[in-house]
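Written below as structure tokens is the structure these notes are about.
In our numbering, the protein residues as written are 9 to 131.
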């Protein structure tokens with residue numbers, strides 16, 4: 009069962025927005041089984057993100073303008089620091105879909121510069 013806003017607590021709308029961004033960072037988080045350690049870890053990371061996110065108000069204000077009557081608030085994605093992003097991504101590689109330390113993408117095997125400077129294959 010996927011992680012729900014009820015798992016995270018707090019304001020439901022904010023929890024939903026955090027979950028949407030978390031799925032963009034680590035799409036595998038919805039594939040964890042209910043009692044798995046990975047799901048518990050993901051929930052802990054996401055609760056931390058929610059805890060660091062300031063509530064709407066003066067702490068979340070980035071910029072204000074007087075005559076134009078505008079205000080700029082911190083975005084939800086700013087709550088995902090590098091630690092939270094790498095933690096969520098590591099859960100995907102630990103889930104068994106990818107070997108530890110292996111690249112998470114596909115890379116071309118063709119080497120276009122080999123046509124300019126002939127070299128042998130080192131595979």
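Idealized CB from N, CA, C, for every residue including glycine.
> For residue 59, is the beta carbon positioned less than 8 Å from some heavy atom of the ligand ADP?
Replying inline: What this structure holds is no ligand at all, so the ligand ADP is not there to describe.
> Is residue 37 helix, strand or coil by DSSP?
Replying inline: helix
>> Between which two residues does the alpha helix (DSSP H) holding residue 51 run?
In response: 45-60
> Does DSSP put residue 22 in a helix, in a strand, or in coil?
Replying inline: helix
> Nearest to residue 95 by alpha carbon, out of 23, 35, 10, 13?
Replying inline: Looking at the Cα atoms, 35 is the closest of the given residues.
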